[in-house]
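There are 2 protein chains.
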Amino acid sequence: MVERPMLSKGEMEVVRILWEKAPASVRQIHEALPADRQMDFATVQTYLRRLESKGYAKSTLDGRIRIYSARTKALTVIRETVDDLVNRLFAGETMPLMRHLIEDRGIDGKGLSELRELLDRLEKEGAKK
Amino acid sequence: MVERPMLSKGEMEVVRILWEKAPASVRQIHEALPADRQMDFATVQTYLRRLESKGYAKSTLDGRIRIYSARTKALTVIRETVDDLVNRLFAGETMPLMRHLIEDRGIDGKGLSELRELLDRLEKEGAKK
DNA sequence: TTGCAACGCGTACGGCTGTACGCGTAGAAT
DNA sequence: ATTCTACGCGTACAGCCGTACGCGTTGCAA
Numbered sequence: 046m047v048e049r050p051m052l053s054k055g056e057m058e059v060v061r062i063l064w065e066k067a068p069a070s071v072r073q074i075h076e077a078l079p080a081d082r083q084m085d086f087a088t089v090q091t092y093l094r095r096l097e098s099k100g101y102a103k104s105t106l107d108g109r110i111r112i113y114s115a116r117t118k119a120l121t122v123i124r125e126t127v128d129d130l131v132n133r134l135f136a137g138e139t140m141p142l143m144r145h146l147i148e149d150r151g152i153d154g155k156g157l158s159e160l161r162e163l164l165d166r167l168e169k170e171g172a173k174k
Numbered sequence: 046m047v048e049r050p051m052l053s054k055g056e057m058e059v060v061r062i063l064w065e066k067a068p069a070s071v072r073q074i075h076e077a078l079p080a081d082r083q084m085d086f087a088t089v090q091t092y093l094r095r096l097e098s099k100g101y102a103k104s105t106l107d108g109r110i111r112i113y114s115a116r117t118k119a120l121t122v123i124r125e126t127v128d129d130l131v132n133r134l135f136a137g138e139t140m141p142l143m144r145h146l147i148e149d150r151g152i153d154g155k156g157l158s159e160l161r162e163l164l165d166r167l168e169k170e171g172a173k174k
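Chains as they are written, first to last, in this note's numbering: chain A, 46 to 174; chain Y, 46 to 174.
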């Protein structure tokens with residue numbers, strides 16, 4: 046297994062945009078940040094550099110513009126991050142977090158039916174194993 | 046709203062035990078840590094001190110033993126932490142995280158039926174509002 | 001009554017994080 | 001040619017984090 050340092054909060058915000066937009070320049074990433082979360086251009090630059098040095102991104106120069114893209118799949122990073130949170134805050138149990146999401150954050154009708162489908166599918170698969 | 050600094054990862058592990066065991070001494074907290082996550086007694090002590098200075102815990106002296114208890118409800122802290130994660134890593138959307146939990150981490154039969162009940166209840170409530 | 005073990009408390013320290021400035025340069029505009 | 005502008009890159013720096021040592025003290029054992 047590749048030993049990567051974990052992402053910091055700020056790096057997470059940036060890597061998410063990177064997954065969405067890559068390959069992308071610093072400027073493109075910077076502009077794609079949520080409107081309510083403006084950070085300095087140079088800060089984004091630093092985060093991207095750190096993402097690269099931690100092994101989460103790679104980059105090439107296109108002329109004088111540096112183009113970044115992701116080097117780890119979103120799924121992997123999300124798994125590591127969520128697993129870590131579940132371990133620390135929920136003693137490794139998934140259900141309390143699930144419960145919290147549903148009860149505290151709520152879900153709309155569309156989410157509801159999607160969830161039902163997911164559960165059905167899971168039950169079928171579980172049965173045949 | 047009370048402006049509390051966010052919890053670090055290490056503090057989270059300790060505050061979770063605190064919710065479970067409080068009021069408790071440093072030693073009790075230390076011993077209640079998961080077996081696979083031993084940290085130094087003094088480290089736990091530092092975390093508790095920091096939890097107190099951040100406003101997450103309070104303490105009194107019982108003789109020469111300092112007894113800690115929680116000052117914020119688990120729900121509040123969990124809400125803040127989960128909201129923060131969802132914002133940073135999932136652009137504020139709950140469903141992708143939900144999907145991840147179900148598909149990647151899996152849930153057992155008991156969880157499955159509990160989830161169904163939750164969904165039913167939610168649907169009923171949603172309908173009457 | 002003399003140690004010893006347990007504890008609180010102060011302190012430490014290197015690494016990480018958030019945030020950004022400023023220099024030097026290359027391409028665009030005048 | 002000269003100036004402006006955008007960009008990469010190095011650097012900075014205070015505060016937070018993980019982790020822990022060691023001193024002084026006190027209650028209990030010998």
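Think of the CB as a built atom: it goes at the ideal place given N, C-alpha and C, for glycine as much as any other residue.
Every value quoted in this text rests on a predicted model; they were computed, and no experiment measured them.
(message) According to DSSP, simplified to helix, strand and coil, what is Y/T91?
(response) Helix at Y/T91.
(message) Quick check on DSSP: helix, strand or coil for Y/L164?
(response) helix
(message) So for Y/I74, helix, strand or coil by DSSP?
(response) Helix.
(request) Taking only beta-carbon positions, decide if A/K54 is within less than 8 Å of chain Y. (result) yes
(request) Compile a chain-ordered list of the residues in the stretch 124 to 141 of chain Y whose CB is closer than 7 Å to at least one CB of chain A. (result) R124, T126, V127, L130, R133, L134, A136, T139, M140
(message) With three or more C-beta pairs closer than 8 Å as the rule, is the stretch 85 to 97 of chain Y touching the stretch 141 to 158 of chain A?
(response) no
(message) Between the alpha carbons of A/R111 and A/H75, how many angstroms are there, rounded?
(response) 13 Å
(message) Just to confirm, is the Cβ distance from Y/L134 to A/T105 under 8 Å?
(response) no
(request) Starting from the Cα of Y/V71, find the closest Cα among Y/A119, Y/I152, Y/R95 and give me that residue. (result) Y/R95
(message) Taking the alpha-carbon of Y/S114 as reference, which of Y/E58, Y/A67, Y/K54 has the nearest alpha-carbon?
(response) Ranking the options by Cα distance to Y/S114, first place goes to Y/A67.
(message) Buried or exposed, going by whether 16 or more other CB atoms sit within 10 Å of the CB of Y/L120?
(response) exposed
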